[in-house]
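Novice: What follows is a single structure, and I will ask about it in a moment.
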Amino acid sequence: MSDETEKLKSGSVVMDADEMRRAWTRVAHEILERNKGVEGLAVIGILRRGAPLAQRLADAIERIEGKPVPVGQLDISLYRDDFRTYQPRVGTTQIPFDIEGKTLVLVDEVVYTGRTVRAALGALVDLGRPSVTQLAVLIDRGHRELPIRPDYVGKNIPTSRQEFVKVFMTEMDGEDKVVIAKDA
1 MSDETEKLKS
11 GSVVMDADEM
21 RRAWTRVAHE
31 ILERNKGVEG
41 LAVIGILRRG
51 APLAQRLADA
61 IERIEGKPVP
71 VGQLDISLYR
81 DDFRTYQPRV
91 GTTQIPFDIE
101 GKTLVLVDEV
111 VYTGRTVRAA
121 LGALVDLGRP
131 SVTQLAVLID
141 RGHRELPIRP
151 DYVGKNIPTS
161 RQEFVKVFMT
171 EMDGEDKVVI
181 AKDA
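Numbering-wise, the numbering used here puts 97 at position 97 of the sequence shown, and it's gapless, one number per residue.
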């Protein structure tokens, strides 16, 4: 485990596993209410941590409605606006359905400046034209640099720019929790 990861793990826990589950279940209900069910609905997670959250969201929606929702994952590495200074870890976009005319719920773990979401919207345009694209995030920490606002938020956590928000997930880290740590 890197020193940075260890520092983050020892930060202040702002959501534990139960709080994460409850918040995400509430988001699933809000999505169903706003979209009047699952007809034409699909969920796409932004790689890396948005992908397992998208699967969790699709599972929650299926538990509530009794109907499956298509789910995919989107790699935005080559759509980032900092690709000249950032060494991208290219992943694989896996969207096993046509997005044309669908109501897409784009999922990420944290929204901060809005640049990741901007890159995701650019990547989606290359794949087709959904009728509606909505944004669901587990954490909204503020500090937008672009005019992007999530439609669904698990929890708003006001932060300073000197803080980091890290979402730990069982699928990747062996545990579920959200931590805030100060920049060293």
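Glycine residues also receive a C-beta, built at the ideal position from the N, C-alpha and C atoms.
1) On the DSSP bridge list, what partners appear for methionine 15?
2) When we look at the beta-carbon of glycine 50 and count the other beta-carbons within 10 Å, is it buried (16 or more) or exposed?
3) On the DSSP bridge list, what partners appear for aspartate 108?
4) Would you mind stating whether alanine 17 and leucine 74 have Cβ atoms separated by less than 8 Å?
5) Nearest to histidine 29 by CA position, among Arg63, Leu53, Ser12, is which residue?
6) Can you give me the C-alpha to C-alpha distance between arginine 48 and glycine 174, rounded to a whole angstrom?
7) So who's on the other strand from isoleucine 44, going by DSSP bridges?
8) Here's the rule: buried if 16 or more other CB atoms are within 10 angstroms of the residue's CB, otherwise exposed. What is valine 165?
9) Cβ atoms of threonine 103 and glycine 40: under 8 Å apart, would you say?
10) Per DSSP, what are the beta-bridge partners of phenylalanine 97 in this structure?
11) From Ala42, Arg34, Pro52, pick the residue whose C-alpha is nearest to that of proline 68; which is it?
12) In the DSSP assignment, find the beta strand (DSSP E) that holds glycine 128 and state where it starts and stops.
13) Mark lysine 36 as exposed unless 16 or more other C-beta atoms lie within 10 angstroms of its C-beta, in which case mark it buried.
14) Mind the definition here: the region 112-130 touches the region 13-27 only if three or more C-beta pairs lie below 8 Å; say whether that holds.
Specialist: Well, looking at it:
1) Answer is Val178, bridged to methionine 15.
2) Flag for glycine 50 reads buried.
3) In the DSSP assignment, aspartate 108 forms a beta bridge with Val137.
4) If you check the CB distance, alanine 17 and leucine 74 do not come in under 8 Å.
5) Answer by Cα proximity: Arg63.
6) Their backbone Cα atoms lie some 15 Å apart in a straight line.
7) According to DSSP, isoleucine 44 shares a beta bridge with Gly72, Leu106.
8) Buried is the call here.
9) It is a contact, given that the beta carbons lie within the stated cut-off.
10) Paired residues: none, contrary to the question.
11) It is Ala42.
12) In the DSSP assignment, glycine 128 falls outside any beta strand (DSSP E), carrying neither H nor E.
13) Burial check for lysine 36: the Cβ neighbour count within 10 Å stays below 16, so the residue is exposed.
14) A contact between stretches requires three or more CB pairs, one per stretch, nearer than 8 Å, and the region 112-130 fails this requirement with the region 13-27.
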